[in-house]
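In the numbering used here, the protein residues as written are 9 to 779.
All C-beta atoms in this analysis are idealised placements derived from N, C-alpha and C, irrespective of residue type, glycine included.
The structure appears below as C-alpha cells.
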C-alpha cells in the first residue's frame, strides 16, 4: 500500500493496520497500538519524530536510540548480547578477549560496555532493572571508571530476545538516575497465535558448537494463553588469537567454555486490558580463566625468577617476568569460573491506555559467580621437564587441568515489587512508577581460615513521575522527577563483625527535561537536560583500592543531549547526536605507583569530569537489494582528581612532563584517554535477494595510543551469509575477524599492552529449521 507523502508516518502505520483515516483525523494526538505492532515484530517502524517504535516506546522521551531486532540477530548470527550491540554507534566494548564468568571483585578481568564513553550503563529486561544496589556485577578495576551494573551476557539467552533497545544518554533517565551513559533494554519474545518452533545447530572453529531449540504458540479457543520456551547450549575449546607484538598466532590456553540456558514465558490475556505474565530465565556456565594472555616478547627464563610463589615486589610492572609468571600459575593451576543465574518475574497488567501500561510486578533474582583460583599456591615444575616452553596449552591441559571443587562464590540476590500507573489526561501522558528493592551480596569462602559467608545488604526505594505533554502534532515536552532513597550498606562477617559503610545512606531527587520537535515528515530534533546521581556502592570502597583523597562521595552531575534526524532523500538518512557530561563528582580508578613504596597499586579517588561525545551516522539504500551504513563515534574525557597531594607529583613523573608540557593539577584524564580508543567507525553493507542474504561489517578503532595498545588503528571485519534452501530451512556461514587482525580494546597498567587480545579469525557453519 502507498501512502501520500504529506501523511504522517504514524498515519501510514495506522492505515496499514486497518484504522480509517477519518477516525485518525479526529484524534489530536497520533499514537500506535502495541498489540498491533506485535505483527511487525521484525520490521522497523518509526513514529513522526523518526524514533524507532517498539513495544515499550512510551518509556522514551526522544533521543539517540538504536534497536537490534530478532531478525538481525538471526541473520548476523550473534551468539551473545555484547556482540549484538557492539556495532551500534556510541557503544564501545572493552573486553578481556575470552569468555569469562568473573564476578569482578575489584579486578580488571571483566568485560565493560560503555555508551558515549561511559560504563555507567543500566540493563533492563522488559523495562525492569536487573542490577544490584549493593554490588556491581561487572565491577572491574580499570583506569576508565568504576564499574558496569551488570555482566550483559549473563542476563539472558540471546535466542529469547525480540529486540534490544540501546538508549544513549539522558533519554534513558526514566530508567534510573544513575543511567549516566544510557540504558540497554532487552525486550523478550512473546507467544504468537500460530504454534511455531525453531531448531538451530552450528559448528565451527576451536571445537565450537551451538545448539538452540525454541517453541512458541497459544492455547484456548480465543488464543488467550500464549507461551515461549527456549533452550540453548554453547561450547568451545581453547580460542586462538594473533599477538599484536609478535605478529604470530597462538592458542589461548584455558579459554574453553560451556554454557546452558533456558527461558520460559507464560502469558494469559483475560481481556484487552488485563494480563498476567510469568517469566523464568536460567543460565549456567563454566569456563577456563587465564586472566590474561602471556607476553611472548619476554624471555622464557624471566617467568621463573621466583619459583614456587609470586612475591609482593612482582606487582611492579617493570618486572618483565610478572605477567608470564602470573599466567603460568593461573593456567597450570587449572583456574576456572562458574556462573549460575535464576531470574523470576510475575507481572499483572491491569490497564492499557494509548500504548501505556499500568501494572504490578514482583521479582526474585539470584546470580552466583565463583570458581577455583590457585595463583600464589602452585609450584611451577622444573622447566627442563616441560616440553615446548611455558605456553603449551595441550600439555598444560593434560597434566594440570583442575578438577578441584570451587574455593569461593560471590552471590547476588534481589527481590522486590514494582507498581506503575499510566494515564492520559487531555494532552498529557502521565506515568509514575515505584520500586521497593531488597539487595543482598554474599561473599562465600569455602576453604581456609576465612571460610564462611560475609553478607552485605541494602534496601532502596526508587520512583519517578513523568508527564509527556503533546503540545502539538509536531512538539512534545516531557518534564520528569526521579526519587531515589538508598538505605545504608551494612556488612556482617562470619565472625559477627558488622560494618556500616559511610555515605551509603542517601536520598536524592533528580529533575529531567526533554523535548522533541518534528519540522516535517523528514526532519526532527530533540534535546534534554538531566541531573544524574549514582550512590557509592560496596565495590567502590573495596579494600582492593586505596583511597587517596578522602572518603568517596556519591557521584552526581548533569548531562546535556542534543541531536537531529534528517531524511536527505527517500533513500538516504543522517543522524547526529552530541552529548556533554559534567560531573561535579565522579568515582575514578587508577593504577599508579606509590611514591613512598615504589609499588604499583590501584587507587580509588573523587574527581570532576567533563566529557564530550559525538555520534554521526549515515544510511543509504542503493537499490532494492543493497543497503549500507557508515557511522562515526568520538569521545574525549577531561577528568581532574580532587586534592591529590603527593599523588599528583607521581602522575607528573609518569609522563615525565616539565615546563609548558607539565600535567595540570589532577589531570588524570591524560591517563584515561590513552586506554580507550577515541575514534570508532562502523561500516555495514547488507545484500538481500530472495533466498540469499549477505552482511559485511567493518569495525574500526583509530587514534589509539601506542603506549597502551599494540597499534594506532585496528580494523575488524565480519562476514555473514544466509541461503534459504527452502521456505523453512536456512543454511548459513559466518566468519568473524576475516583478515585475522591483531587487536585489543582493553588495557590495564598492571598487565601491560597486548594482555587482552581480541579473538583471531574464526568461522561457523550452521542450519536453521523452522517448523
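Under 8 Å Cβ to Cβ from residue i, same chain only, skipping five residues before and after it: list those, please.
{"i": "residue 249", "result": "105, 257, 258, 260, 301, 750, 765, 766, 767, 768"}
{"i": "residue 509", "result": "496, 497, 498, 499, 544, 546, 549"}
{"i": "residue 471", "result": "440, 441, 442, 443, 490, 491"}
{"i": "residue 253", "result": "303, 304, 305, 718, 761, 762"}
{"i": "residue 715", "result": "682, 761"}
Is the beta carbon of residue i sitting closer than 9 Å to the one on residue j?
{"i": "residue 418", "j": "residue 376", "result": "yes"}
{"i": "residue 626", "j": "residue 582", "result": "yes"}
{"i": "residue 98", "j": "residue 585", "result": "yes"}
{"i": "residue 360", "j": "residue 280", "result": "yes"}
{"i": "residue 169", "j": "residue 240", "result": "no"}
{"i": "residue 613", "j": "residue 649", "result": "yes"}
{"i": "residue 587", "j": "residue 176", "result": "yes"}
{"i": "residue 6", "j": "residue 64", "result": "Limits of the chain in this structure are 9 at one end and 779 at the other, which puts residue 6 out of reach."}
{"i": "residue 56", "j": "residue 423", "result": "no"}
{"i": "residue 128", "j": "residue 188", "result": "yes"}
{"i": "residue 707", "j": "residue 724", "result": "yes"}
{"i": "residue 138", "j": "residue 174", "result": "no"}
{"i": "residue 451", "j": "residue 490", "result": "no"}
{"i": "residue 647", "j": "residue 616", "result": "yes"}
{"i": "residue 172", "j": "residue 75", "result": "yes"}
{"i": "residue 294", "j": "residue 273", "result": "no"}
{"i": "residue 286", "j": "residue 352", "result": "yes"}
{"i": "residue 540", "j": "residue 503", "result": "no"}
{"i": "residue 207", "j": "residue 220", "result": "yes"}
{"i": "residue 334", "j": "residue 297", "result": "no"}
{"i": "residue 721", "j": "residue 709", "result": "yes"}
Taking the straight line between their C-alpha atoms, what separation do you get for residue i and residue j?
{"i": "residue 90", "j": "residue 370", "result": "27 Å"}
{"i": "residue 486", "j": "residue 621", "result": "23 Å"}
{"i": "residue 262", "j": "residue 103", "result": "17 Å"}
{"i": "residue 84", "j": "residue 93", "result": "12 Å"}
{"i": "residue 631", "j": "residue 255", "result": "40 Å"}
{"i": "residue 426", "j": "residue 367", "result": "8 Å"}
{"i": "residue 777", "j": "residue 234", "result": "22 Å"}
{"i": "residue 354", "j": "residue 226", "result": "19 Å"}
{"i": "residue 119", "j": "residue 435", "result": "44 Å"}
{"i": "residue 569", "j": "residue 125", "result": "14 Å"}
{"i": "residue 158", "j": "residue 372", "result": "16 Å"}
{"i": "residue 462", "j": "residue 731", "result": "54 Å"}
Can you tell me where the beta strand (DSSP E) holding residue i begins and where it ends?
{"i": "residue 93", "result": "Unbroken run through residue 93 is the alpha helix (DSSP H), 89 to 93; no beta strand (DSSP E)."}
{"i": "residue 465", "result": "460 to 478"}
{"i": "residue 207", "result": "204 to 212"}
{"i": "residue 250", "result": "248 to 250"}
{"i": "residue 780", "result": "Coverage of the chain is limited to positions 9 through 779, which leaves residue 780 absent and any answer about it impossible."}
{"i": "residue 519", "result": "514 to 528"}
Using a Cβ-Cβ cut-off of 6 Å (strictly less than) and excluding sequence neighbours within five positions of residue i, which residues of its own chain qualify?
{"i": "residue 469", "result": "444, 493"}
{"i": "residue 634", "result": "695"}
{"i": "residue 374", "result": "350, 421"}
{"i": "residue 571", "result": "72, 534, 584, 585"}
{"i": "residue 529", "result": "none"}
{"i": "residue 290", "result": "270, 350"}
{"i": "residue 713", "result": "682"}
{"i": "residue 283", "result": "277, 357"}
Only counting the same chain, and skipping five residues up and downstream in sequence, which positions put a Cβ closer than 7 Å to that of residue i?
{"i": "residue 729", "result": "702, 740, 741"}
{"i": "residue 414", "result": "346, 378, 379, 380, 454"}
{"i": "residue 459", "result": "453"}
{"i": "residue 81", "result": "92, 166, 169"}
{"i": "residue 242", "result": "87, 218, 267"}
Please look up how many angstroms separate the CB atoms of residue i and residue j, rounded, as I've assumed it's under 8 Å.
{"i": "residue 645", "j": "residue 682", "result": "That belief does not hold up - the Cβ atoms of residue 645 and residue 682 are roughly 11 Å apart, past 8 Å."}
{"i": "residue 271", "j": "residue 437", "result": "With a Cβ gap of about 31 Å, residue 271 and residue 437 do not count as contacting."}
{"i": "residue 432", "j": "residue 186", "result": "No, residue 432 and residue 186 are not in contact; Cβ-Cβ is about 29 Å, not under 8 Å."}
{"i": "residue 251", "j": "residue 774", "result": "Contact flag wrong, Cβ pair sits at about 29 Å."}
{"i": "residue 466", "j": "residue 131", "result": "Actually they do not touch by this definition, with Cβ atoms about 19 Å apart."}
{"i": "residue 771", "j": "residue 212", "result": "5 Å"}
{"i": "residue 643", "j": "residue 686", "result": "6 Å"}
{"i": "residue 230", "j": "residue 244", "result": "Not confirmed; about 45 Å, so no contact."}
{"i": "residue 574", "j": "residue 531", "result": "5 Å"}
{"i": "residue 205", "j": "residue 779", "result": "5 Å"}
{"i": "residue 201", "j": "residue 222", "result": "Not quite, the Cβ-Cβ distance comes to about 16 Å (not below 8 Å), so this is no contact."}
{"i": "residue 688", "j": "residue 100", "result": "6 Å"}
Would you give the residue range spanned by the alpha helix (DSSP H) that residue i belongs to?
{"i": "residue 60", "result": "No alpha helix (DSSP H) contains residue 60, which DSSP labels as neither H nor E."}
{"i": "residue 503", "result": "No alpha helix (DSSP H) contains residue 503, which DSSP labels as neither H nor E."}
{"i": "residue 170", "result": "It is not in any alpha helix (DSSP H) - residue 170 instead sits in the beta strand (DSSP E) that spans 169 to 176."}
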